[in-house]
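Heads up, the sequence shown is in the working numbering, so the first residue is 4 and it goes up one at a time.
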Amino acid sequence: MEIFPDAIILIDEERNIISCNLVAEYLFGYDSGELLNKPLNILISHELHQVHDQHLKKFSKTKGKRLMDGRPVIFGLHKNGKEIPVSIAISSIENDHEKPFFMAVIRDALSVSNEIDKKTEHAERDSLTQLYNRDHLSNAFSSLNSEFNYALLFLDLNKFKPINDKYGHKVGDEVLRITSQRIRYTVRECDICVRYGGDEFVIILMGISSPVTLEFIAHKINASINKVIHVNGINCHVGASIGGLMGTYPGDDLDSMIKKADMAMYQAKCDGIPFHAHEDCNKRILNSLTVH
Numbered sequence: 004m005e006i007f008p009d010a011i012i013l014i015d016e017e018r019n020i021i022s023c024n025l026v027a028e029y030l031f032g033y034d035s036g037e038l039l040n041k042p043l044n045i046l047i048s049h050e051l052h053q054v055h056d057q058h059l060k061k062f063s064k065t066k067g068k069r070l071m072d073g074r075p076v077i078f079g080l081h082k083n084g085k086e087i088p089v090s091i092a093i094s095s096i097e098n099d100h101e102k103p104f105f106m107a108v109i110r111d112a113l114s115v116s117n118e119i120d121k122k123t124e125h126a127e128r129d130s131l132t133q134l135y136n137r138d139h140l141s142n143a144f145s146s147l148n149s150e151f152n153y154a155l156l157f158l159d160l161n162k163f164k165p166i167n168d169k170y171g172h173k174v175g176d177e178v179l180r181i182t183s184q185r186i187r188y189t190v191r192e193c194d195i196c197v198r199y200g201g202d203e204f205v206i207i208l209m210g211i212s213s214p215v216t217l218e219f220i221a222h223k224i225n226a227s228i229n230k231v232i233h234v235n236g237i238n239c240h241v242g243a244s245i246g247g248l249m250g251t252y253p254g255d256d257l258d259s260m261i262k263k264a265d266m267a268m269y270q271a272k273c274d275g276i277p278f279h280a281h282e283d284c285n286k287r288i289l290n291s292l293t294v295h
């Protein structure tokens with residue numbers, strides 16, 4: 004049983020522990036041999052004793068080998084009295100010569116949760132730039148409080164395609180990676196930076212209530228991007244065209260927000276300027292003046 008990464012506990016018909024591995028002892032804080040001949044209930048939160056006993060009695064009457072239905076996560080009881088989240092599955096073990104017994108497979112649910120969080124984090128990251136990707140943008144946007152002030156920027160790099168075409172993808176990828184770092188370091192930790200696709204980026208700026216502040220940040224980002232990038236002895240220079248708008252308006256969803264910011268970015272590119280605010284920014288100023 005020592006080859007398994009999970010805690011393994013064998014239980015007899017009276018629900019007493021007849022064997023366990025080192026992982027089980029470590030998980031629940033017991034020394035070697037301390038769990039032997041103890042009732043399984045010493046590892047379960049007191050509030051769940053009755054429910055667990057009833058569930059196990061019902062399960063013991065069934066035939067065959069299967070996982071016990073029930074809570075995916077319950078609270079186990081550490082030797083020091085603290086409750087720990089665990090996931091428990093029980094299977095019946097039968098043979099012709101001995102009384103049937105049960106095998107409990109117990110997993111530290113907190114470790115599982117942390118592992119899931121890590122996998123989710125990895126799945127929502129762009130592999131090249133390590134910025135967030137579209138999946139994270141969608142999830143983050145859906146969780147925004149409509150009463151919380153924020154702004155959205157859509158950024159497209161200028162002069163990137165000629166660099167990529169002339170010097171190849173390796174140089175182009177390095178330019179994207181360095182540019183992404185500059186964007187990330189220019190904004191705050193609470194802001195959400197996303198590689199939207201190719202050389203396009205979306206940034207959600209949290210707590211922004213003024214179009215003037217939005218424009219200031221956009222110019223700050225552009226100034227950072229405009230600095231020369233040195234890659235393998237090559238001096239690369241890219242700029243950015245940025246469009247933006249404030250928060251959401253009635254009926255706006257993420258797609259409409261990005262579409263408006265994209266339109267503003269295109270206007271900035273056509274005008275040869277670093278930043279252009281969507282007309283909704285002006286509406287926000289007028290609405291603010293009307294209210295006050």
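The beta-carbon is built from N, C-alpha and C at its ideal position, and this holds for glycine as well.
Between which two residues does the alpha helix (DSSP H) carrying G175 extend? H172 to T189
Ends of the beta strand (DSSP E) at F278? F278 to A280
Could you check where the alpha helix (DSSP H) with T105 kicks off and where it finishes? Residue 105 is actually Phe in this sequence, not Thr. From DSSP, F105 is part of no alpha helix (DSSP H) but of the beta strand (DSSP E) over F104 to D111.
Taking buried to mean at least 16 other C-beta atoms within 10 Å of its own C-beta, is L158 buried or exposed? buried
Ordered along the chain, which non-local residues of its own chain (more than five positions away) have a Cβ less than 8 Å from that of M266? G246 and H281
Quick one, which of F144, C273 and I77 has its alpha-carbon nearest I261's? F144
Residues that DSSP places opposite V3 in a beta bridge: Missing from the structure shown is residue 3; the chain here goes from 4 to 295 and no further.
CA-to-CA distance, H125 to K102, given in whole angstroms: 47 Å
Can you name the start and end residues of the alpha helix (DSSP H) that R137 belongs to? Its alpha helix (DSSP H) spans residues R137 to S145.
Residues in its own chain within less than 6 Å of I87 by CB, not counting five upstream and five downstream? Once the five neighbours on either side are set aside, the close Cβ partners of I87 are G79 and H81.
Take A264 and list the residues in its own chain whose beta-carbon comes closer than 7 Å to its own, dropping the five residues that flank it on each side. L155, L156, F157, G246, G247, L248 and H281
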